[in-house]
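Taking it in order: structure first as structure tokens, then the write-up.
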Amino acid sequence: MRAVRDEVGAGARDEAGAGAGAGAQDEAGAGAGAQDRFEAVFRARYGELFALSYRLLGDHGEGEDVVQETFLKLDGHPVLDRPDEEVAAWLRRVCLNATYNRLRGQRRATARLDRAGRLERADDEAGDGGGPLLDVLRAEQQRAVRQALAALPERQRACLLLRHAGFSYAEIAATLDLAVGSVGVLLARGERAFRDAYLDRDDADPGAYDAVP
Amino acid sequence: MPCPDLGALRASLDDAPGGTPAPLHDHVQGCASCFDTLAELRRNAELAAPAIAMTGPDGPLPPAAVEAALARLEQRRARLLAARTATGAAAAAGEAAAAGEAGGSGGSGGSGGSGGDAPAAVVPLRRRGHRARLSARARGTAAALVAAVVLTGLVATPGGRAAAAGFLAQFRSERFEVVSLNTSQAMQLSAVMSQLVATGVFTGDHGQLDRMTEPAAARDLAEASRLAGFEVQAVSRSALPRGVGAAPERILATRPHTARITFDRDRAIAYFQRNGRPDVKIPERFDGAQLIVQVPAIVVQEYPGRDGAPRLLVGKAGTIGLDADGGASLDELREVVLSLPGLPKETVEQLRNISDWRTTLPLPVPTDEVRWRQATVDGAEALSFADPTGKLHALLWQRGGHIWGVAGVIGADEALRVADSLG
Chain Y
1179 MRAVRDEVGA
1189 GARDEAGAGA
1199 GAGAQDEAGA
1209 GAGAQDRFEA
1219 VFRARYGELF
1229 ALSYRLLGDH
1239 GEGEDVVQET
1249 FLKLDGHPVL
1259 DRPDEEVAAW
1269 LRRVCLNATY
1279 NRLRGQRRAT
1289 ARLDRAGRLE
1299 RADDEAGDGG
1309 GPLLDVLRAE
1319 QQRAVRQALA
1329 ALPERQRACL
1339 LLRHAGFSYA
1349 EIAATLDLAV
1359 GSVGVLLARG
1369 ERAFRDAYLD
1379 RDDADPGAYD
1389 AVP
Chain D
19 MPCPDLGALR
29 ASLDDAPGGT
39 PAPLHDHVQG
49 CASCFDTLAE
59 LRRNAELAAP
69 AIAMTGPDGP
79 LPPAAVEAAL
89 ARLEQRRARL
99 LAARTATGAA
109 AAAGEAAAAG
119 EAGGSGGSGG
129 SGGSGGDAPA
139 AVVPLRRRGH
149 RARLSARARG
159 TAAALVAAVV
169 LTGLVATPGG
179 RAAAAGFLAQ
189 FRSERFEVVS
199 LNTSQAMQLS
209 AVMSQLVATG
219 VFTGDHGQLD
229 RMTEPAAARD
239 LAEASRLAGF
249 EVQAVSRSAL
259 PRGVGAAPER
269 ILATRPHTAR
279 ITFDRDRAIA
289 YFQRNGRPDV
299 KIPERFDGAQ
309 LIVQVPAIVV
319 QEYPGRDGAP
329 RLLVGKAGTI
339 GLDADGGASL
349 DELREVVLSL
359 PGLPKETVEQ
369 LRNISDWRTT
379 LPLPVPTDEV
389 RWRQATVDGA
399 EALSFADPTG
409 KLHALLWQRG
419 GHIWGVAGVI
429 GADEALRVAD
439 SLG
């Protein structure tokens, strides 16, 4: 995993792995195989990566953009030749980093999250028919959750997102380049920090969480 | 058992739904500190879980959305490759110029096109970028030069290839006509294509269409001619731009082949309905109709510059042919395709305005990225392209039952001189 991680960011930029000695026929076959592999990975992983990014960004367009960036980095990257679970972990890591960069790049994260809340509401308008008031409330809750998540250290935030998106401890460990045994601690700390950030927000309603110490 | 650490306690909440593992459970029951810690961990998890779940998308993405996203990605990959190719070529030209080798790279104004752009659209994955020169991948890409200009961005999407062939119903190549596309229109087009494939409106043997992007290296021009089924000659030395090697360094060829694309009437009707066109009626006889695409053989010669990097590409291909089989004519299938909801209106208009669609090959050109103009090659109508840097130039024309292309890190006049010397 370490080796793979070291390659993140290097992207598909050189031809070291291109197999210069192979004949054109082999190269053509390999190209087709690589294309099939790339497309299969895309179809298998796009949804979960989009969901991850969307949870933080709250914007379908930006979420998709981040996932596209992620797959552009995968294109031609040697990790594509690795087993599925390694590719998946690599993709999650790159996707999370790209999402964080996107959030950081905007500088005014709060304004972004406000906007995300509004967009969320707009996205939902055609959805569950809960009515405008529920839409507003839901958008507000989502905004608050994203603000709380944004306040967490990155690894804790990633750990929380991954766990509550249904990834196993092993998958989280592979994504964050951790020992599996360390996931629980990170998760425990992340959930506590999330609670503090979520309930400490200005408009928190502590009454709704009386049981939390 | 000693007190478990925080991580073990937290993991116990997930590892054992409904309870903690026995030894840990026993310990927690007898240890007030661990009991309290576990209770707090549970409360924190129970707060975080629904809150974070609320931020997710409403449900899993439908397969069509994933296909559309894949199509958009392919567009980005193609544009990225085009940009890298142009950048690399420009840098190579700059280096060559600095070494006193480049000839006329400043080019004649207004001529157009990027030999690097079009091929990029056709060979989606086969690239590993390389700065300051046309990379091996770019060479592989450029080897599909003629194929690229035949199908261009329409086949850039993996899922869209079969559906793209649907558009070929409008094609019977004897001459070209540029169909201008901006980025947004190109993406719109590819999204529709992907959906058509994802929903099964068009099905085909993708492999057949893919093969055209995978040329084989030929030992020499004689072998390339044999593979292609037509004669291929080297560019005469006197016509080669300064700094370009006298003989091709590499020759790539594909064989001609035929692809069949099948139309599914029920799925097409469902597609129209889903996209707000419940009124569209398609005769039953259309069901199972096939488009038969005759993909021509292609030969591309790569001529190196003095640094060994390719400077000039010369391509020759047969003309593309298309026919229909089954209960629908080519005219009728064309009408169905042009009526598809979601296609960019301006693009459809341009296609409809082609006066003789049976002999005209529409050539989608990303006009926000490529400049083009009409030209003449030895009396034949041609299109001249330039990339935004003005370093890459390309020419494309049809003559004598063949499509010809010249592209490279050369000036427009140099491209024309090479073109005039061919055939």
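So the sequence lines, in the order shown, correspond to chains Y and D. One gets our numbering by counting positions in the first sequence from 1 and adding 1178 to each. One gets our numbering by counting positions in the second sequence from 1 and adding 18 to each. Each residue gets a CB set at the ideal place from its N, CA and C atoms; glycine is no exception.
The Cβ of Asn200/D sits no closer than 8 Å to any Cβ of chain Y. Contacts with chain Y at 8 Å (Cβ-Cβ) do not include Val219/D. When DSSP states are grouped into helix, strand and coil, Asp238/D belongs to the coil group. When the five nearest sequence neighbours on each side are left out, the beta carbons in the same chain lying within less than 6 Å of the beta carbon of Ala1329/Y are those of Ala1375, in order along the chain. The DSSP-derived three-state label of Lys363/D is helix. In terms of beta-carbon proximity, Ala1366/Y lines the interface with chain D, with at least one pair separated by less than 8 Å.
With 16 or more other CB atoms across the displayed protein chains lying within 10 angstroms of its CB, Gly222/D is buried. Per the DSSP secondary-structure output, Lys299/D pairs with nothing in a beta bridge. Within the region 20 to 95 of chain D, the complete alpha helix (DSSP H) segments of 4 residues or longer fall at 24 to 33, 40 to 48, 50 to 72, listed in chain order. When DSSP states are grouped into helix, strand and coil, Val1245/Y belongs to the helix group. Just so you know, the alpha carbons of Val1265/Y and Asp238/D end up roughly 40 Å apart.
Shown here, Pro1256/Y sits in a helix according to DSSP, grouped into three states. At a C-beta separation below 7 Å, Glu1242/Y has these neighbours in chain D: Ala87. Within the DSSP bridge table, the entry for Gln416/D names Ile421/D as partners. Contact annotation for Val84/D against chain Y: Phe1220, Arg1221, Tyr1224, Gly1225 [CB-CB distance below 8 Å, chain order]. Around the beta carbon of Cys1337/Y, 16 or more other beta carbons lie within 10 angstroms, which makes this residue buried. Non-local C-beta neighbours of Leu1230/Y in its own chain, meaning closer than 8 Å and more than five positions away in sequence, comprise Arg1270, Cys1273, Leu1274, Thr1277, Leu1339, Leu1340, Ala1343, ordered along the chain. Counting only runs of 3+ residues, the beta strand (DSSP E) found wholly inside the region 251 to 285 of chain D occupies 268 to 272, 275 to 281, in chain order. Rounded to the nearest whole angstrom, the CA to CA distance from Val1257/Y to Arg1215/Y is 12 Å. About 6 Å separates the CB atoms of Ala1348/Y and Val1358/Y; that is less than 8 Å, so the two are in contact.
If you check the CB distance, Val318/D and Gly333/D come in under 8 Å. Listed along chain Y, no residue sits closer than 8 Å to Leu440/D by beta-carbon distance, the nearest being about 24 Å off. At a cut-off of 8 Å between beta-carbon atoms, Glu1332/Y makes no contact with chain D.
Within the region 1350 to 1362 of chain Y, those residues whose Cβ lies closer than 8 Å to any Cβ of chain D are, in chain order, Gly1359, Ser1360, Val1361, Gly1362. With respect to Leu356/D, Ala425/D sits apart: the two C-beta atoms are not nearer than 8 Å.
Between the C-alpha atoms of Leu270/D and Glu320/D there is a straight-line separation of about 8 Å. In this model, Pro41/D and Ala26/D are separated by some 12 Å (Cα to Cα).
In the displayed model, Ala1343/Y falls within coil according to three-state DSSP, outside both helix and strand.
Under DSSP, Ala335/D takes part in a beta bridge, and its partners are Ile316/D, Ile421/D.
Here the alpha carbon of Thr378/D sits roughly 57 Å from the alpha carbon of Leu1327/Y. Where Glu350/D is concerned, the enclosing alpha helix (DSSP H) starts and stops at 348 to 356. Using a Cβ distance threshold of 8 Å, Gly345/D and Arg303/D count as a contacting pair. When DSSP reads this structure, Ala288/D sits in no beta bridge, so it has no partner. If you check each beta-carbon in the region 358 to 379 of chain D against every beta-carbon of chain Y, none falls closer than 7 Å. Not one beta carbon of chain D lies nearer than 8 Å to the beta carbon of Tyr1278/Y. About 6 Å separates the Cβ atoms of His45/D and Cys52/D, confirming a contact at the 8 Å cut-off.
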